[in-house]
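Have a look at the structure below, then the notes.
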Amino acid sequence: MKKVLFLVSFLISNLISAQNAETLFIEAERQYAHEEYAAAIKGYNRVIEVDPNLILAYNNRGNSYLQLGEYAKAMADYDFLLSIDPGNSVAYRNKGLVFKALQKYPEALTAYDKAIALKPDFYNAYANKITVFMLLKQDENARKTADLIKAKYPDSAESYAVSATYYRLKNDYYMVFAEMDAALAKDPKNEGILSERAQLKDDLGDDNGAIADYTTLIRIDAGNAKYFSGRASAYHDLKLYDKAIFDCNQAVALDAYSYAGYTLRAFTEDQMGQTDKAIADYERAISIRPSMEFAYFELSTLYDWQEKYDKALEVIGWLLKIKPDSYQGLMKQADFTAKTKNFKEAIRLWGGVIQKEPTFIAYSQKALCEKQIGDIAAACTDMQAANKLVKDKKSEDYFLSINFLYNNCRSTFSSKDLKIMDLNNQLLQFYDKNDVQNVLKKYDEMIAVAPDSASLYVDRGLYKRGNGDYTGAINDYKKALSLDKNNGTARSAMGFALVYTGKTDEAVETYLEAIRLHPEYAPDSYNLGLIYAEKGDYQKGIAYLSSAIQKDQNYTGAYYNLGLVYLKTGDKNKACYYLKAAEKLGSMEARVKRMSVCD
């Protein structure tokens, strides 16, 4: 009898433990799905304490560690899984993600290959391989991987989605959508691919396209809150606020923990002037995902606009309690404190921000607070530090700091610098009057004071070019480059001027050198693409215009002219795609052209 009772008790105990583990696991999964990774880890720890055999808890705990950058702990969980289940392909794929995060790319590729060996149609592992090949700048291997998966599984929608990953990493969105369209032709109800295409359309400003895809997704699964919040985002961008609110309401009704639903509804309510409702929704969002900073910043900004600086400080205080190292949170705390006119405390707080990361904003704001309490010496020291951090000498930050120093800290300048600044102020007065002769005279006087200043020659060249003196401009750019051969502004400007003087071949060489020195600067690729297109070398024109788009995804002119070049090559489909992209970015020329050749 005792044995029977013991057995019954044992079975009941195990049943209760299993039920507890399942309940705990569901809650941990909810936290993981809402990106509350630290909380999810605590949840998975409790699950494992109750049921050490629940394998999925180890995997998802590892994923949570991975998201938080705790790579050693993530790897330990994946290795443990493989020790008890050597055929676990997902664990190998996840190990690859850890290696990629650690920039151990060969090890990542090895892990992905092991995952694929265990599961030959592991599409995500192929996509991850492509990502690593692109990080290694092995474009050919990435393309071969994309082609391989399509050759192995030609009837699979997922294989085309993998290929889309390759083109997405190249910023070739025409081909991205072509591959996604091909995927959906094979599986029109593939929610994963539809959802990815909808999000991409939203990101690229194709709001109507995103709405169409989300509407299809809602027809497939009307119980998915993410589809409603996704469509709401597109409606919001189109300023269809009532529709956005309706979809947000649907999202939060379907999922009481829909962070996106609450934050987007709050953002929309703010646009509609419903501040109190927006505040309540941001507070709800914060309660759902306390580790996400966005809602704190938006809520504090609402109070900032209302000049309720104490309330704004209170909200940032909530954030700093759980994320004391939040850099943006610390900056906002200092900013709001200054707005309460507690300048001494703001100075202390800005000093703490500077200790974490010295930036122009931190130094300049600290200086402005120091000026408020009359500590001009400290203000000058901090503004000098701010000025030294500015790389772009034509930026608003540079002029703000220079003007502050010029008006408050003249003793900090050399006599030469002061002379240049005094002359520059005189120049600006003539500039406003469009007095070309006296502007050039002041440039001459400044160059006489600082004959080794490449930037002065560049500035004078730009002014000459603006007044039609291209030859004089070119001479100034050449002088600037003799003083500073790496001056990208001078080289780019000279290329532009050379085109206008008919020296096309020289312009090409100039732009090629500019691109070599500053490969990230999109306008040089754009201008070189235009030159090649004008010369009739359409393939090179397409290559450089495409390169400009890869460097700047909002380069309206590059999209428009790429469309025109494709028209010249007879590729109407691509031409219409790029003309439409330019139109979405606001180009009326593109709209007129698209309507005449595409509709």
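Letter by letter, the sequence shown follows residues -18 to -1, 1 to 581 in mature numbering (1 follows the signal peptide of the UniProt record, and there is no 0). Glycine included, each C-beta is placed from N, C-alpha and C at the ideal position.
Using only the alpha-carbon positions, how far apart do residue i and residue j sit?
i, j, result
"residue 24", "residue 11", "11 Å"
"residue 345", "residue 178", "42 Å"
"residue 239", "residue 445", "57 Å"
"residue 512", "residue 350", "46 Å"
"residue 54", "residue 46", "12 Å"
"residue 223", "residue 210", "14 Å"
"residue 460", "residue 476", "8 Å"
"residue 137", "residue 102", "15 Å"
"residue 2", "residue 254", "45 Å"
"residue -5", "residue 32", "Bear in mind that the predicted position of residue -5 carries a pLDDT of just 46, short of 50, making it unreliable; the figure below should be weighed with that in mind. Near 10 Å, if we compare the C-alpha coordinates of residue 32 and residue -5."
"residue 369", "residue 540", "34 Å"
"residue 195", "residue 165", "14 Å"
"residue 466", "residue 472", "9 Å"
"residue 26", "residue 39", "6 Å"
"residue 321", "residue 291", "7 Å"
"residue 111", "residue 82", "10 Å"
"residue 281", "residue 331", "21 Å"
"residue 115", "residue 206", "35 Å"
"residue 252", "residue 132", "47 Å"
"residue 226", "residue 250", "7 Å"
"residue 311", "residue 276", "10 Å"
"residue 50", "residue 285", "31 Å"
"residue 493", "residue 486", "10 Å"
"residue 97", "residue 78", "9 Å"
"residue 65", "residue 338", "42 Å"
"residue 107", "residue 357", "60 Å"
Go ahead and pull the three-state DSSP assignment for residue i.
i, result
"residue 163", "helix"
"residue 136", "coil"
"residue 576", "helix"
"residue 79", "helix"
"residue 45", "helix"
"residue 129", "helix"
"residue 312", "helix"
"residue 432", "coil"
"residue 355", "coil"
"residue 4", "helix"
"residue 120", "coil"
"residue 583", "Outside the displayed range of the chain (-18 to 581) lies residue 583, so it cannot be described from this structure."
"residue 147", "helix"
"residue 341", "coil"
"residue 448", "helix"
"residue 106", "helix"
When we look at the beta-carbon of residue i and count the other beta-carbons within 10 Å, is it buried (16 or more) or exposed?
i, result
"residue 483", "exposed"
"residue 578", "exposed"
"residue 397", "exposed"
"residue -13", "Note that residue -13 scores 38 on pLDDT, short of 50, meaning its location in the model is unreliable and no value can be drawn from it."
"residue 333", "exposed"
"residue 516", "exposed"
"residue 569", "buried"
"residue 18", "buried"
"residue 161", "buried"
"residue 426", "exposed"
"residue 507", "buried"
"residue 557", "buried"
Thinking just about the alpha-carbon of each residue, which of the options is nearest to the one in residue i?
i, options, result
"residue 553", "521, 566 and 139", "521"
"residue 405", "394, 430 and 391", "430"
"residue 185", "282, 213 and 396", "213"
"residue 546", "561, 534, 173 and 532", "561"
"residue 199", "170, 215, 227 and 190", "170"
"residue 538", "195, 555 and 559", "559"
"residue 367", "356, 380 and 355", "380"
"residue 216", "243, 378, 134 and 498", "243"
"residue 203", "233, 436 and 221", "233"
"residue 139", "340, 117, 129 and 163", "163"
"residue 191", "573, 571, 580 and 566", "566"
"residue 563", "504, 304, 288 and 154", "154"
"residue 156", "532, 15 and 258", "532"
"residue 555", "327, 388, 576 and 536", "576"
"residue 218", "197, 432, 236 and 189", "189"
"residue 143", "72, 109, 317 and 340", "109"
With respect to 6 Å, is the separation between the Cβ of residue i and the closest non-hydrogen atom of the ligand SAM below this value?
i, result
"residue 577", "Annotation note on the ligand SAM: not contained in the displayed structure, which lists no ligands."
Discussion item. As an exercise, report each continuous beta strand (DSSP E) stretch of at least 3 residues that is fully enclosed by the segment 162 to 227, in chain order.
Written reply: Runs of the beta strand (DSSP E) inside the segment 162 to 227: none found.
Worksheet item: Where in the segment 485 to 564 do unbroken runs of the alpha helix (DSSP H), each at least 4 residues long, occur, reported from the N-terminal end onward?
Response: Fully enclosed alpha helix (DSSP H) runs of 4 or longer: 486 to 499, 504 to 517, 520 to 533 and 538 to 551.
Fill in: beta strand (DSSP E) runs wholly inside the segment 230 to 307, at least 3 long, in chain order
Qualifying beta strand (DSSP E) stretches: none in this window.
Discussion item. Runs of 4 residues minimum, wholly inside the segment 367 to 412: which ones carry the alpha helix (DSSP H) assignment?
Written reply: If only complete runs of 4 or more residues are kept, the segment 367 to 412 shows the alpha helix (DSSP H) at 378 to 390, in order along the chain.
Worksheet item: Along the chain, which unbroken stretches of the alpha helix (DSSP H) at least 4 residues long are found entirely within the segment 450 to 488?
Response: Taking 4 residues as the minimum length, the alpha helix (DSSP H) runs contained wholly in the segment 450 to 488 are 452 to 465 and 470 to 482, in order along the chain.
Item to complete: Quick one: which unbroken alpha helix (DSSP H) runs of 4-plus residues sit fully inside the segment 56 to 104? Chain order, please.
Response: Correct list: 71 to 83 and 87 to 100.
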